Amino acid sequence: MNALIFGAPGSGKGTYGPRLQEKLGVDLVAMGDIFRAIQKDGSHLGEKIRGYMQAGLLVPDEIVIEVLKNCLFQIPPGRGFILDGFPRNIAQAQALDKIVKIDVVLQLIVNERIIIERLSTRRICRECGDVYNIRSLKPKTEGVCDRCGGQLYQRQDDNPQVIKIRLNLYERQTSPLVRYYKLKKVPFVVHRTESIEVPPDEVVSYFIAELKKLHLA
Ligand code: AMP
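Start counting the sequence shown at 307; every next residue gets the next number (the numbering used here).
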């Protein structure tokens with residue numbers, strides 16, 4: 307099964323993606339995580355990417371598509387994957403269509419008030435990328451990842467000014483992809499969140515049950 311996990315920044319893609327990956331036994335390709343890892347290697351490409359990410363802007367398509375191709379080609383044939391953070395515009399979706407077939411879109415709909423609250427209180431593990439929230443999804447020990455013991459940090463782009471830019475970009479460039487995939491008749495599984503406190507396992511179980519109905523899990 308090849309799935310997209312799709313939603314605005316802060317809709318929970320980074321929380322549900324790894325949990326779904328584990329349960330479904332597929333690969334997870336999270337573009338934002340890949341770019342954060344590239345930045346750590348100190349390369350020229352890493353520096354270039356950092357500028358876009360810090361400003362909340364999209365990394366240029368030619369870079370993103372090249373990085374994505376390298377990741378997808380490493381997945382063993384038939385294993386399947388969940389793609390998080392790609393595509394983010396129509397040109398990227400068209401490039402993806404030339405590489406693989408997408409079987410389903412897992413869409414997260416969360417209202418903007420919750421998104422802003424979630425992003426400004428979000429914490430990420432430096433080591434494994436696990437996502438926490440100092441209000442709604444606290445680690446057992448403050449500042450420490452439950453899963454691997456890594457240090458938690460706040461992303462530089464999770465500040466109010468950059469959050470605004472990212473949400474705006476999502477509305478203008480990424481949300482039209484819903485129509486794009488609907489026109490292509492790709493099945494959607496939609497989850498709506500009305501509260502910041504929804505337990506992640508509840509959402510994951512919902513997606514798995516719906517994927518079973520579609521014979522994709
Ligand atoms: P994320 O972790 O998905 O919120 O992504 C963080 C940042 O990485 C975004 O704000 C962009 O700067 C960059 N990024 C991630 N995925 C893409 C993509 N598909 N196209 C362009 N930029 C991306």
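The C-beta atom is built at its ideal place from N, Cα and C for all residues, glycine as well.
Bear in mind the structure is a predicted one, so any value in this text is a computation, not a measurement.
Under the criterion of a Cβ to heavy atom distance below 6 angstroms, does residue i qualify as lining the ligand AMP?
i	result
residue 341	yes
residue 391	yes
residue 307	no
residue 402	no
residue 315	yes
residue 459	no
residue 473	no
residue 323	no
residue 364	yes
residue 338	yes
residue 370	yes
residue 358	yes
residue 394	yes
Leaving out five residues on either side along the sequence, give the residues of the same chain with a beta carbon under 7 angstroms from the beta carbon of residue i.
i	result
residue 385	332 and 333
residue 336	320, 323, 390 and 391
residue 482	396
residue 393	399, 402 and 483
residue 338	391
residue 308	386, 387, 406, 407, 408 and 409
residue 480	394 and 395
residue 476	314 and 315
Pick from the options: whose alpha carbon is nearest that of residue i?
i	options	result
residue 423	316, 312, 309 and 307	316
residue 374	409, 405, 313 and 496	405
residue 407	492, 395, 368 and 500	492
residue 364	518, 468 and 458	468
residue 310	399, 425, 428 and 370	399
residue 425	460, 394, 447 and 402	460
residue 463	376, 359 and 347	359
residue 471	362, 499 and 318	362
residue 417	500, 368, 354 and 347	500
residue 421	325, 328, 377 and 466	466
What is the rounded straight-line gap between the Cα of residue i and the Cα of residue j?
i	j	result
residue 432	residue 456	6 angstroms
residue 451	residue 521	34 angstroms
residue 473	residue 514	28 angstroms
residue 357	residue 372	18 angstroms
residue 504	residue 443	9 angstroms
residue 445	residue 478	34 angstroms
residue 449	residue 379	36 angstroms
residue 382	residue 489	29 angstroms
residue 438	residue 428	6 angstroms
residue 313	residue 485	13 angstroms
residue 440	residue 523	32 angstroms
residue 519	residue 330	14 angstroms
residue 419	residue 502	9 angstroms
residue 376	residue 347	17 angstroms
Among the residues of its own chain, which have a CB less than 8 angstroms from the CB of residue i, if the five just before and after it don't count?
i	result
residue 453	431, 434 and 436
residue 497	412, 413, 414, 415, 509, 512 and 513
residue 325	506, 507 and 510
residue 355	341, 344, 345, 365 and 369
residue 327	333, 334 and 388
For residue i, I'd like the list of residues in its chain whose CB is within less than 6 angstroms of its CB, leaving aside the five on either flank, ordered along the chain.
i	result
residue 352	344 and 345
residue 349	none
residue 530	With the chain represented from 307 up to 523, any question about residue 530 goes unanswered, as that position is not in the structure.
residue 487	411
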